[in-house]
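Below: the structure, in C-alpha cells.
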Amino acid sequence: MDGKYGSSKHSDLKLVLSAIRRAIPELHGVMIASQDGLAIAHDFPEADAERIAAMAATALGLGKRISERTNMGDLAESVIHGRNGYLVVYGAGEDAVLVMQGPIESNLGLMRIEARVAAVEIKQLLTTA
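In C-alpha cells form, the structure reads like this:
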C-alpha cells in the first residue's frame, strides 16, 4: 500500500476503517480498494483481501453500468445479500471503493450512514497531495 499513497495516507485510511468498525462492531470486514480492484487498506484476512477487492470493484463497475442503462441515476450502492450476510459496496470518489461485509442481522441503514461519511473522508484523503 505504501507505494502509491504513502504511509501517512495509509494510516489515515486505516483510521477511517477503525471508525467504521467502532460504529458497527459486528462487521466481518471493511476495505478500501482501488477502482481497478487492488486492496488499499482493510481488515479482512490477507488470504481474502485481493480477491474481495477485485470482486468489489467489479460489482461497483457493473452496478454503475446497470444504473446508467436503466436510467436509475448515479449508483448509490451495490448490495450482495446472501443467506449468511451482506457485502455492500460504495463508490468513494473516482479512485476508490468502500466495502463492508456483515452478518445477516447487519443494520443496513447504519451501514449506509457510516458509508456516506467514510466515502467523503476517503475521497478527500485520496485526492489531496
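Sequential numbering of the sequence shown, starting at 3, is according to the working numbering.
Here a beta-carbon is modelled for each residue, glycine too, at the ideal position from N, C-alpha and C.
The structure displayed is predicted, hence computed values, not measured ones.
Q | Cβ neighbours of residue 14 in the same chain (closer than 6 Å, five flanking residues each side left out) | A | 127
Q: Pull up the DSSP beta-bridge partners for residue 103, would you.
A: 31, 89
Q. Does the stretch 16-26 come close enough to the stretch 114-125 that 3 or more CB-CB pairs lie under 8 Å?
A. yes
Q | Local conformation of residue 78 per DSSP, three classes | A | coil
Q) Which whole-angstrom value is the C-beta distance of residue 41 and residue 55, which I expect to be below 8 Å? A) 4 Å
Q. Considering residue 124, what are the terminal residues of the alpha helix (DSSP H) in which it resides?
A. 110-129
**Q.** Same chain, Cβ closer than 6 Å to residue 82, neighbours up to 5 away in sequence not counted
**A.** 89
**Q.** N-terminal and C-terminal residue of the alpha helix (DSSP H) that residue 26 is part of
**A.** Element bounds for residue 26: n/a, residue is neither H nor E.
Q. What residues in its chain sit with their C-beta under 6 Å from that of residue 101, if we drop five residues either side in the sequence?
A. 33, 58, 91
(Q) Using only CA atoms, which one of 108, 27, 96 lies nearest to residue 35? (A) 96
Q) residue 95 by DSSP, collapsed to three states: which one? A) coil
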